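Participant: Residue numbers (my numbering): 362 to 657. Note that beta-carbon positions come from the ideal geometry of N, C-alpha and C, so glycine has one too. Model, not experiment: these values are computed from the prediction.
1) Go through the segment 466-551 residue by residue and report every complete run of the alpha helix (DSSP H) that reaches 4 residues or more, in order.
2) Rounded to whole angstroms, what is the Cα-Cα separation between residue 423 and residue 513?
3) Taking the beta carbon of residue 555 as the centre, do at least 16 other beta carbons fall within 10 Å, making it buried, or is it exposed?
4) What's the C-alpha gap between residue 378 and residue 414?
5) What separation, rounded to the nearest whole angstrom, lies between the Cα atoms of residue 446 and residue 402?
6) Taking the straight line between their C-alpha atoms, what separation do you get for residue 621 and residue 481?
7) Within 10 angstroms of its Cβ, does residue 389 collect 16 or more other Cβ (buried), or is it exposed?
8) For the beta strand (DSSP E) containing residue 601, list its first residue and its last residue.
9) Rounded to a whole number of angstroms, what is the C-alpha to C-alpha distance between residue 609 and residue 577?
10) Helix, strand or coil for residue 616 per DSSP?
11) In the DSSP output, what is residue 455 paired with across the bridge?
12) Does the segment 447-460 come close enough to the segment 520-528 to have 3 or more Cβ pairs within less than 8 Å?
13) Taking residue 391 as part of the beta strand (DSSP E), name the residues at either end of that continuous run.
14) Can you find the residues in the same chain that come closer than 6 Å, C-beta to C-beta, to residue 439, ignoring five residues on each side of it along the sequence?
15) Out of curiosity, what's the CA-to-CA distance linking residue 658 and residue 511?
16) Taking one C-beta from the segment 582-594 and one from the segment 559-569 each time, how about it: are there three or more such pairs within less than 8 Å?
17) Which residue from 448, 405 and 429 puts its Cα closest to that of residue 421?
18) Between residue 570 and residue 544, what straight-line distance do the alpha-carbon atoms span, to the nearest angstrom?
19) Between the alpha carbons of residue 522 and residue 399, how many angstroms are there, rounded?
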């Protein structure tokens with residue numbers, strides 16, 4: 362089975378992630394100025410970008426958005442700029458991350474996600490954002506990236522010559538929708554192979570199996586997954602949720618009865634359900650005001 366949610370051929374992702382998906386009013390920002398770290402102390406002539414969609418009536422909350430794509434492409438339309446528009450409708454600044462694909466370098470997507478969070482905090486005052494209300498949202502393999510950012514973070518490097526790198530990259534909350542979580546047998550083989558390689562080292566499989574990386578410091582999380590998802594088993598969300606609860610981290614897991622992977626193509630009652638309930642959850646956490654929750 363192949364879908365638009367990160368598991369089709371990479372050429373399809375490239376078409377979906379065209380510049381036509383980006384509204385002209387959004388601000389696109391380079392994260393690395395074409396000098397991006399690989400994770401082993403070396404750099405590559407490559408870049409990642411964020412596109413900042415500011416709400417007409419902002420409430421101070423922001424979310425970095427990680428589109429899916431199986432770590433082989435980016436579905437930045439429906440799972441990126443479309444999500445930003447939805448967030449804007451609830452007063453939340455939406456920041457679409459077009460992260461680098463691994464291509465043999467497992468740490469580059471995480472480095473990009475961390476940089477996106479640090480950059481957002483560094484410009485919080487300019488963008489009308491509360492630096493303590495910056496979350497991350499991801500779909501499919503983008504959900505793996507979001508959960509990786511939520512389980513692998515630091516307070517910043519106070520010795521860095523780069524002012525942005527001195528800032529914390531911990532997200533304040535996570536929303537994970539039909540996410541890949543594990544790099545083990547219950548994960549998604551295509552995402553694992555693209556991220557870690559077909560002959561992945563056991564220590565990397567362990568490190569990037571995020572259900573095993575949760576501590577009491579992991580940020581709160583909302584998860585949604587269809588029980589009939591045949592592409593990414595719902596056990597991914599269930600394992601993550603259970604580990605959060607065991608560590609005393611506030612969490613909600615929405616089990617959807619149907620919709621498969623992609624929730625019927627990003628529409629219909631299952632798609633509406635996670636959106637409605639995640640906004641209610643954000644209000645319950647006091648991330649957004651109750652006034653920005655839609656009326657029944």
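Facilitator: Walking through what the data contain:
1) Whole alpha helix (DSSP H) segments, 4+ residues: 469-483, 485-488 and 502-512.
2) Each residue's Cα considered, the two are about 20 Å apart.
3) In summary, residue 555 is buried, with 16 or more beta-carbon neighbours lying within 10 Å of its beta-carbon over all protein chains present.
4) For residue 378, the pLDDT reaches just 38, beneath the cut-off of 50, and the residue's location in the model is therefore unreliable, leaving the point undetermined.
5) Their backbone Cα atoms lie some 37 Å apart in a straight line.
6) C-alpha of residue 621 to C-alpha of residue 481: approximately 33 Å in a straight line.
7) When all chains shown are included, residue 389 counts as exposed.
8) Counted as a single uninterrupted DSSP element, the stretch harbouring residue 601 is not any beta strand (DSSP E) but the alpha helix (DSSP H) occupying residues 596-607.
9) Rounded to whole angstroms, residue 609 to residue 577 spans 6 Å at the Cα level.
10) The three-state reading of DSSP puts residue 616 in strand, counting E and B together.
11) For residue 455, the beta-bridge partners assigned by DSSP are 414 and 424.
12) Cβ pair count under 8 Å is below three, so no.
13) Segment 388-391, the beta strand (DSSP E) holding residue 391.
14) The answer, listed in chain order, is 627.
15) A query on residue 658 cannot be resolved here, the shown segment of the chain reaching from 362 to 657 and no further.
16) The count of Cβ pairs closer than 8 Å, one atom from the segment 582-594 and one from the segment 559-569, stays below three, leaving the stretches out of contact.
17) Ranking the options by Cα distance to residue 421, first place goes to 448.
18) Rounded to whole angstroms, residue 570 to residue 544 spans 5 Å at the Cα level.
19) Cα to Cα, residue 522 sits roughly 18 Å from residue 399.
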